[in-house]
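Worksheet: the structure to be examined is printed underneath.
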Amino acid sequence: MPPSASTPGEPSPPKSHLTLWILLSIVAAIVVALLFPHFASRLSLGGEVFLSLLKMMVVPLVVSSVMSGILGLGDVRKLGIPGGVAVLYYMTTTVLAVVIGLAAVNLIQPGVGTVSSETVESRSSGMGAPAVRQAVRESLARESGVTEKDISRALPQLAPTAQDKPDMGTILHNLVLMLFTDNLFKSAVETQLLPLIVFSIIFAGMLTTLGSRVDSITLMIDQINHALMNFVLLLMKVAPLGIFCLVAARFGAAQASGEFLDELRQTGWYVATVVGGLGVHMFISLPLIYWIFTRRNPYLFIYHMGQALLTAFSTASSSATLPVTMECAQANAGVSERSTEFVLPLGATINMDGTALYEAVAAIFIAQAIGFPLDLTAQLTIAVTATLAAIGAAGIPEAGLVTMLIVLNAVGLPLEYIGLILSVDWLLDRFRTTVNVFGDAVGAAVVDRTFPVTADQPVPALATAAAGTAATSSAGTVSPGSVNSRTAVPPAPPAAVDPARPAAGDTKS
Ligand code: ASP
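Our numbering numbers the first residue of the sequence shown as 23 and each following residue consecutively.
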């Protein structure tokens with residue numbers, strides 16, 4: 023999208039060519055993987071290092087950004103309306119995505135007459151529910167690098183002893199329990215973000231009521247948050263290389279197994295239906311929502327979010343992409359910190375439009391392929407469970423495949439036929455993660471419009487702390503720029519330590 027496409031008041035596109043470099047590295051990686059699959063699959067080390075660097079940022083960034091967001095509001099009660107809008111947005115867009123998925127799969131009917139009965143049999147033979155869980159555990163372990171034992175612990179529905187047919191009450195019960203933890207550190211170790219977000223909101227909300235007694239800790243949280251975001255900027259400099267290795271290794275491994283193109287041919291209509299549905303949501307419905315609420319060019323917004331979207335495609339993880347999503351939304355797309363700091367961490371965990379759409383399509387595709395009749399009630403059940411399953415899915419590779427078991431169970435579809443979609447799931451995961459991340463970004467832009475104007479006013483505790491620190495620091499070791507940028511702090515002497523973060527709407531060079 024050329025820069026001239028922006029309307030007055032819109033942030034201009036980033037000046038750097040990073041997005042282009044990342045795009046080129048993805049294309050080059052796929053070409054290398056198809057031509058030299060064995061060489062490409064050996065590049066996994068570079069990809070794993072890059073992924074680890076991203077992942078190690080996630081827990082500290084989520085905690086510091088959510089806390090910093092609450093502190094920026096000055097009072098947790100001001101979160102009421104934006105928080106409500108965020109939840110409403112998550113629910114509406116997820117349901118919309120499911121409806122698009124249902125329409126696409128019923129229209130295209132990718133499972134009817136496209137999968138031979140031998141394939142159906144060979145993909146399911148001998149697999150009972152325990153064997154299916156085993157296959158999904160293996161697939162998840164391969165994609166995420168987490169051991170199977172840890173997967174069983176973190177995802178009880180995959181444990182060998184899991185209950186096979188949880189009812190709707192159990193699903194809701196588990197979703198509520200996901201919000202809380204009896205051990206914060208355990209949640210951090212297992213990257214369970216929801217309890218960390220709940221804790222951060224409560225803790226920071228409480229800080230806002232304690233006045234000047236907690237000035238130092240308030241200031242510290244804000245500075246940690248800014249420092250971490252600068253770390254992300256640094257990390258993005260090696261993104262093209264890391265992403266090249268990640269994509270080359272994964273596509274190379276698929277090609278080396280000799281079945282990649284064959285698998286694609288077999289399930290081509292299914293892949294096309296999922297990707298087509300995701301495309302409609304990504305390029306029509308979400309842009310429309312963005313435009314209605316912001317009156318800005320949605321395609322320019324996609325361009326601004328480009329680095330995050332390409333990182334999502336490469337990592338297949340919303341959580342690992344979160345640092346880049348926050349960076350792009352703030353620095354490139356001009357979404358305010360107060361909005362990105364809530365909406366993106368929460369969205370990366372519970373708002374998964376792409377996953378919901380995929381789950382609905384996959385369940386009905388399996389039903390079509392095995393000739394399992396689905397009436398309107400069954401389709402409605404799929405819609406509801408796909409929405410809940412997407413909320414429950416973690417932002418990690420192939421998490422959607424795990425929660426798919428809930429959807430299949432709900433309508434009595436035999437779990438063993440998940441084998442029909444297993445082989446291409448790693449590829450579809452990339453497309454749905456990209457849509458998940460874009461949905462979060464649009465959510466941040468929409469919610470940005472709903473913050474009370476007073477939220478921009480100085481936070482008394484933070485402003486006092488900043489002024490005090492700036493005044494007492496020798497030659498200004500802390501600058502106002504290092505304090506929450508929403509706080510109005512009087513100018514201070516030149517700073518020795520200034521993170522020099524670009525203001526929201528500024529462009530990076
Ligand atoms: N990988 C997706 C994500 O991180 C979740 C899924 O498997 O659908 O957003």
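Note that the Cβ used here is the ideal one computed from N, Cα and C, for glycine as well.
Quick caveat: nothing in here was measured; it's all calculated off a predicted structure.
On a CA-only basis, which of the options is nearest residue i? Give me that one, please.
i: Ala294; options: Leu42, Gln131 and Trp43; result: Gln131
i: Ala416; options: Gly356, Ala370 and Met348; result: Ala370
i: Ala466; options: Gly422, Leu430 and Ser358; result: Ser358
i: Thr114; options: Ile311, Ala421, Asp451 and Met89; result: Ile311
i: Leu46; options: Ile265, Gly69 and Asp451; result: Ile265
i: His195; options: Asn128, Leu410 and Ile392; result: Leu410
i: Gly96; options: Gly68, Leu201, Val198 and Val236; result: Val236
i: Ser341; options: Asn373, Met327 and Arg317; result: Asn373
i: Asp470; options: Ile428, Thr377, Ser361 and Gly422; result: Ser361
i: Leu201; options: Gly91, Arg452, Ile413 and Ile418; result: Ile413
i: Leu344; options: Val84, Val464 and Leu57; result: Val84
i: Leu129; options: Ile243, Gly299 and Leu232; result: Gly299
i: Ala351; options: Gly135, Gly328, Ala108 and Tyr112; result: Gly328
i: Ile223; options: Val71, Ser279, Arg99 and Glu70; result: Arg99
i: Phe323; options: Ala353, Asp447 and Thr192; result: Ala353
i: Glu70; options: Thr337, Ala421 and Thr116; result: Thr337
i: Trp448; options: Tyr325, Leu396, Thr377 and Leu101; result: Thr377
i: Tyr12; options: Gly441, Arg452, Leu396 and Ala355; result: This structure cannot speak to residue 12, because the chain is shown only from 23 to 531.
i: Val446; options: Tyr292, Ala463 and Arg317; result: Tyr292
i: Gly301; options: Arg318, Gln390, Leu396 and Asp375; result: Asp375
i: Ala355; options: His326, Leu450 and Ala382; result: His326
i: Thr192; options: Ile428, Leu442, Asp462 and Leu450; result: Ile428
i: Gln288; options: Leu101, Ile103 and Gly135; result: Gly135
i: Leu57; options: Gly91, Ala278, Ile48 and Phe473; result: Ala278
i: Ile91; options: Ile103, Leu396 and Asp244; result: Position check: residue 91 holds Gly in this sequence, whereas Ile was assumed. Of the candidates Ile103, Leu396 and Asp244, the one whose C-alpha sits nearest the C-alpha of Gly91 is Asp244.
i: Leu286; options: Gly68, Ser339 and Leu450; result: Leu450
i: Gly441; options: Val120, Met242, Ala391 and Asn252; result: Ala391
Output needed for residue i: all residues of its chain with C-beta closer than 6 Å, excluding positions within five of it in sequence on either side, in chain order.
i: Leu65; result: Cys267, Ala270 and Ala271
i: Pro309; result: Pro320
i: Gly274; result: Ala55, Pro59, Ala62 and Ser63
i: Leu257; result: Leu75
i: Trp43; result: Pro262
i: Ala432; result: Thr403 and Thr407
i: Phe72; result: Gly264
i: Thr41; result: Gly328 and Gln329
Using C-beta distances below 7 Å, list every residue in its chain close to residue i, excluding the 5 sequence neighbours before and after it, in chain order.
i: Phe394; result: Leu435
i: Phe282; result: Ala276
i: Ser87; result: Asn247, Met348, Glu363 and Pro367
i: Leu255; result: Glu349
i: Ser209; result: Thr203, Pro217 and Leu218
i: Ile52; result: Val269 and Phe273
i: Val346; result: Val254, Met258, Gln329, Ala330 and Thr333
i: Phe225; result: Met89
i: Ala50; result: Phe266
i: Tyr111; result: Gly465, Val468 and Val469
Among residues of its own chain, excluding the 5 on either side of residue i, which ones have a beta-carbon nearer than 8 Å to its beta-carbon?
i: Leu206; result: Pro217, Leu218 and Phe221
i: His39; result: none
i: Phe315; result: Ala467, Val468 and Arg471
i: Gly11; result: Here the chain covers residues 23 to 531 and nothing more, so residue 11 does not appear.
Can residue i be considered in contact with the ligand COA, in the sense that its beta carbon sits closer than 7 Å to one or more heavy atoms?
i: Lys208; result: Among the ligands in the structure shown, the ligand COA does not appear; only the ligand ASP can be found there.
Query raised in the report: So, do the stretch 209 to 217 and the stretch 77 to 93 have three or more beta carbon pairs nearer to each other than 8 Å?
Result: yes
Query raised in the report: Is the stretch 328 to 340 touching the stretch 452 to 460, taking contact as three or more C-beta pairs under 8 Å?
Result: yes
**Report entry** At least three beta-carbon pairs within less than 8 Å, the stretch 378 to 393 to the stretch 122 to 131
**Finding:** yes
Requested in this report: When you get a sec, list the residues whose CB is within less than 6 Å of any heavy atom of the ligand ASP, chain order please.
Outcome: Ala338, Ser339, Ser340, Met374, Thr377, Ala415, Gly417, Ile418, Pro419, Glu420, Ala421, Gly422, Asp451, Arg454, Thr455 and Asn458
**Report entry** Any 3 or more C-beta pairs closer than 8 Å across the stretch 296 to 307 and the stretch 425 to 439
**Finding:** no
Query raised in the report: Are at least three pairs of beta-carbons, each pair with one atom in the stretch 245 to 262 and one in the stretch 390 to 410, less than 8 Å apart?
Result: no
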